[in-house]
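To start, the structure itself, in structure tokens.
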Amino acid sequence: MVAVSLETTGLNPLQDRITEVGACRLRIADLRLRIESEAFRFDYEGALLDTFWERADPGVPIPEHIREITGVTDEKVAEPIAECGFRNAE
């Protein structure tokens with residue numbers, strides 16, 4: 038299973054842009070879904086195989102409220118990540 042996380046400049050898919058992409062590849066032996074405080078949570082037994090993380094310059098300023106929520110700033114997306122791609126978690 039691959040779990041993917043996106044950070045964006047907002048919630049409108051027609052105008053907002055991606056600022057970070059993260060993913061992890063998991064080997065799942067047992068997956069359970071539970072509802073906690075009106076949010077879905079997944080518990081699993083298995084192994085983390087690989088991780089991926091990359092910043093993306095959206096080409097527009099990141100709004101202040103998004104910077105506060107995500108911690109992603111214009112300066113951070115302007116810096117290239119030295120090693121991009123899946124990394125073995127073991």
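The sequence shown begins at 38 in my numbering and counts up one residue at a time. The beta-carbon is built from N, C-alpha and C at its ideal position, and this holds for glycine as well.
Name the two residues that bound the continuous alpha helix (DSSP H) containing residue i.
| i | result |
| --- | --- |
| Ala115 | Asp111 to Ala115 |
| Leu104 | Looking at the sequence shown, residue 104 is not Leu but Arg. From DSSP, the alpha helix (DSSP H) with Arg104 extends over Glu101 to Thr107. |
Counting along the chain, where does the beta strand (DSSP E) carrying residue i start and finish?
| i | result |
| --- | --- |
| Thr41 | Inspection of the sequence shows that residue 41 is occupied by Val rather than by Thr. Its beta strand (DSSP E) spans residues Val39 to Thr45. |
Mark residue i as exposed unless 16 or more other C-beta atoms lie within 10 angstroms of its C-beta, in which case mark it buried.
| i | result |
| --- | --- |
| Glu44 | buried |
| Val109 | buried |
| Pro95 | buried |
| Ile139 | Absent from the structure is residue 139, since the part of the chain shown begins at 38 and ends at 127. |
| Ile99 | buried |
| Ile106 | exposed |
How close, in whole Å, do the beta carbons of residue i and residue j come, if the pair is a contact with beta carbons under 8 Å?
| i | j | result |
| --- | --- | --- |
| Glu57 | Ala115 | With a Cβ gap of about 13 Å, Glu57 and Ala115 do not count as contacting. |
| Val41 | Ala66 | At roughly 21 Å, the Cβ-Cβ gap does not stay under 8 Å, so Val41 and Ala66 are not in contact. |
| Arg69 | Val39 | Rounded, the Cβ-Cβ distance is 18 Å, inconsistent with contact. |
By the three-class DSSP mapping on this structure, what secondary structure does residue i have?
| i | result |
| --- | --- |
| Asp67 | strand |
| Leu51 | coil |
| Val58 | strand |
| Asp94 | coil |
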